[in-house]
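Here's the structure we're looking at; comments come further down.
2 protein chains.
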Amino acid sequence: MQERKQTIEIVHFMGDTTLYPHVSVDCVVFGFTGEKLKILLLTRTGVSDEGVYNDMKLPGSVIYENEDLDDAAYRVLHELTGIKNIYLQQFHSFGSPGRTQNPRDKVWLENAIHIKIGRIVTVGYVALIKIGQKLQAISNQYEAKWCDIDEIGILAFDHNLIVSKALEYVRSKLVEDPIGLYELLPKRFTEAELRNLHEIIFGQKVDIRNFHKKFTSLPYIVPLNEKQQNVAHRAARFYRFDKIIYNQLYR
Amino acid sequence: MQERKQTIEIVHFMGDTTLYPHVSVDCVVFGFTGEKLKILLLTRTGVSDEGVYNDMKLPGSVIYENEDLDDAAYRVLHELTGIKNIYLQQFHSFGSPGRTQNPRDKVWLENAIHIKIGRIVTVGYVALIKIGQKLQAISNQYEAKWCDIDEIGILAFDHNLIVSKALEYVRSKLVEDPIGLYELLPKRFTEAELRNLHEIIFGQKVDIRNFHKKFTSLPYIVPLNEKQQNVAHRAARFYRFDKIIYNQLYR
Chain A
1 MQERKQTIEI VHFMGDTTLY PHVSVDCVVF GFTGEKLKIL LLTRTGVSDE GVYNDMKLPG
61 SVIYENEDLD DAAYRVLHEL TGIKNIYLQQ FHSFGSPGRT QNPRDKVWLE NAIHIKIGRI
121 VTVGYVALIK IGQKLQAISN QYEAKWCDID EIGILAFDHN LIVSKALEYV RSKLVEDPIG
181 LYELLPKRFT EAELRNLHEI IFGQKVDIRN FHKKFTSLPY IVPLNEKQQN VAHRAARFYR
241 FDKIIYNQLY R
Chain B
252 MQERKQTIEI VHFMGDTTLY PHVSVDCVVF GFTGEKLKIL LLTRTGVSDE GVYNDMKLPG
312 SVIYENEDLD DAAYRVLHEL TGIKNIYLQQ FHSFGSPGRT QNPRDKVWLE NAIHIKIGRI
372 VTVGYVALIK IGQKLQAISN QYEAKWCDID EIGILAFDHN LIVSKALEYV RSKLVEDPIG
432 LYELLPKRFT EAELRNLHEI IFGQKVDIRN FHKKFTSLPY IVPLNEKQQN VAHRAARFYR
492 FDKIIYNQLY R
């Protein structure tokens with residue numbers, strides 16, 4: 001892993017770096033509980049004129065000196081989750097000069113990366129992960145929390161905009177190629193879980209009978225000899241996604 | 252329009268700007284002749300160890316101090332073509348540290364923008380325009396040429412990569428929403444022109460009879476009382492795209 005090199009630059013530039021756009025990556029990490037779509041957010045603690053505050057932000061980082069964009073995003077996610085193989089896609093870059101205008105964000109950022117910052121162009125990434133996976137933060141700078149997509153409140157910088165663009169991207173991407181749905185589902189999932197995910201992602205109620213017809217006709221959804229345990233309603237069967245069959249059909 | 256402000260920075264930093272990533276936009280401008288898909292490229296003249304050379308590059312620019320990414324892309328296109336209303340979409344950012352590694356590119360860039368450059372992260376844009384439109388370059392720094400997409404040779408920087416990613420993007424975008432096809436076609440077009448465009452964009456031969464059936468059933472394709480003139484083969488009818496009908500159906 002590369003070392004953080006930005007601090008060296010302070011000596012050279014003595015604060016004049018405000019003229020330059022810096023480049024960062026920000027990651028919108030989606031997870032699905034079976035019922036709700038969540039994103040992974042970090043708590044940010046800072047000091048403003050009104051005292052100490054806590055709010056939330058997307059995981060992200062300024063790119064290192066010799067680092068490609070994708071590598072920076074993988075680094076952030078690896079440090080955050082300990083996971084190495086992550087479904088990750090660049091989706092949009094955000095460069096409004098106003099995105100670091102809030103004094104709170106500016107102060108926080110300058111404390112965090114030890115450079116005077118004028119503006120930052122950030123490259124947005126979407127990651128889809130199985131929410132049940134144990135996350136093992138490699139770096140203690142991250143205190144991550146799964147937040148319900150409908151209840152995220154006001155985030156730092158333009159991160160609300162980034163989240164809404166990310167959701168739009170995921171929708172259109174999964175219409176085109178639904179494989180990402182199975183990145184979000186657990187390894188064993190029920191028909192109702194896939195149906196819920198469909199409804200949330202595409203923002204439309206699904207007809208249960210039509211869905212069932214389609215579900216049972218998909219050759220890459222393989223029924224398992226296992227059912228739910230200890231549930232109040234009738235125990236539902238588990239299924240798994242077969243990537244090999246899927247790729248044979250569509251790749 | 253904003254002034255170019257980068258030159259000021261030389262005084263402040265005396266060449267140490269190599270540590271910073273700069274940010275630029277690059278535009279892949281597609282046009283369609285009725286038979287061939289073309290992109291708009293600029294001739295670049297530079298001096299290398301082997302003497303003066305000419306090659307081609309995408310139109311682009313470093314972003315100005317207070318400029319958003321989309322604004323930078325619109326500025327480049329406006330200066331290049333004189334056109335103000337352009338179908339323009341950001342599609343991908345490119346940030347490999349190696350993308351400015353070729354000494355030829357490095358020297359050219361430093362001469363062009365008068366800053367010592369370490370690396371540049373560039374935000375890629377796709378524009379679709381009607382090739383018949385008169386292009387009126389506002390700035391004389393651009394000498395643009397329509398080049399056949401299959402014959403573009405080796406471009407500056409990583410611009411071949413950007414072009415191939417742009418083509419991929421256009422393909423998937425137009426599957427989802429074909430409205431972009433009509434940005435590329437002239438105001439009056441023939442069925443064969445739309446069919447050719449389909450074949451080129453989606454990379455597949457189209458069955459003429461099936462295509463005709465579909466073509467004549469689309470309510471937003473309106474036949475005109477005009478036919479081709481002075482053609483060797485049977486004169487074909489012209490059609491126009493009706494955006495209002497299209498939007499009523501799909502938006």
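Chains as they are written, first to last, in my numbering: chain A, 1 to 251; chain B, 252 to 502. Just so you know, even glycine gets a beta-carbon here, dropped at the ideal spot from N, CA and C.
Start-to-end residues for the beta strand (DSSP E) that takes in residue i
i	result
residue 226/A	221-227
residue 37/A	37-48
residue 149/A	Taken as a continuous stretch (DSSP letters only), residue 149/A belongs to no beta strand (DSSP E), as it is neither H nor E.
residue 378/B	370-379
Reference residue i; option with closest CA among the options
i	options	result
residue 247/A	157/A, 153/A and 177/A	177/A
residue 289/B	481/B, 465/B and 415/B	415/B
residue 143/A	250/A, 233/A and 55/A	55/A
residue 229/A	238/A, 222/A and 79/A	238/A
residue 454/B	467/B, 496/B, 410/B and 401/B	401/B
residue 270/A	369/B, 337/B, 352/B and 293/B	Residue 270/A lies beyond the stretch modelled for chain A, which goes from 1 to 251, so this question has no answer here.
residue 136/A	84/A, 99/A and 244/A	84/A
7 angstroms Cβ cutoff met for residue i and residue j
i	j	result
residue 172/A	residue 374/B	no
residue 191/A	residue 128/A	no
residue 22/A	residue 120/A	yes
residue 126/A	residue 166/A	yes
residue 291/B	residue 276/B	no
residue 491/B	residue 475/B	yes
residue 197/A	residue 174/A	no
residue 324/B	residue 339/B	yes
residue 397/B	residue 282/B	yes
Residues of its chain near residue i, where Cβ-Cβ distance is below 7 angstroms and the 5 sequence neighbours each way are ignored
i	result
residue 356/B	407 and 408
residue 444/B	285 and 436
residue 254/A	Outside the shown range of chain A, which is 1 to 251, sits residue 254/A, and nothing can be said about it.
residue 162/A	26, 28, 58, 94 and 124
residue 244/A	none
Residues near residue i by beta carbon distance below 8 angstroms, same chain, minus five either side
i	result
residue 359/B	295, 297 and 407
residue 48/A	103, 104 and 107
residue 265/B	Any reading at residue 265/B must be qualified, since the residue scores a pLDDT of 33, below 50, and its modelled position is unreliable; the value itself is stated next. The answer is none, since no qualifying residue turns up.
residue 249/A	219 and 220
residue 311/B	275, 276, 277, 278, 327 and 373
residue 304/B	296, 297, 298 and 355
residue 459/B	446
residue 152/A	39, 41, 56, 160 and 163
Boundaries (first-last residue) of the alpha helix (DSSP H) holding residue i
i	result
residue 325/B	320-332
residue 440/B	Neither: residue 440/B is in no alpha helix (DSSP H) and is coded neither H nor E.
residue 350/B	Counting along the chain, residue 350/B falls outside any alpha helix (DSSP H), and DSSP gives it neither H nor E.
residue 496/B	494-501
residue 422/B	410-427
residue 181/A	179-184
residue 209/A	208-217
Interface flag, residue i vs chain E, CB-CB below 7 angstroms
i	result
residue 482/B	Within the model displayed, chain E is absent; protein chains A and B are what it includes.
Same chain, Cβ closer than 6 angstroms to residue i, neighbours up to 5 away in sequence not counted
i	result
residue 242/A	220 and 222
residue 346/B	372
residue 483/B	none
residue 477/B	489
residue 36/A	148
residue 235/A	227 and 228
residue 97/A	119
Expected contact under 8 angstroms - CB spacing of residue i and residue j to nearest Å
i	j	result
residue 90/A	residue 77/A	Not quite, the Cβ-Cβ distance comes to about 13 angstroms (not below 8 angstroms), so this is no contact.
residue 504/B	residue 462/B	Absent from the structure is residue 504/B, since the part of chain B shown begins at 252 and ends at 502.
residue 452/B	residue 421/B	7 angstroms
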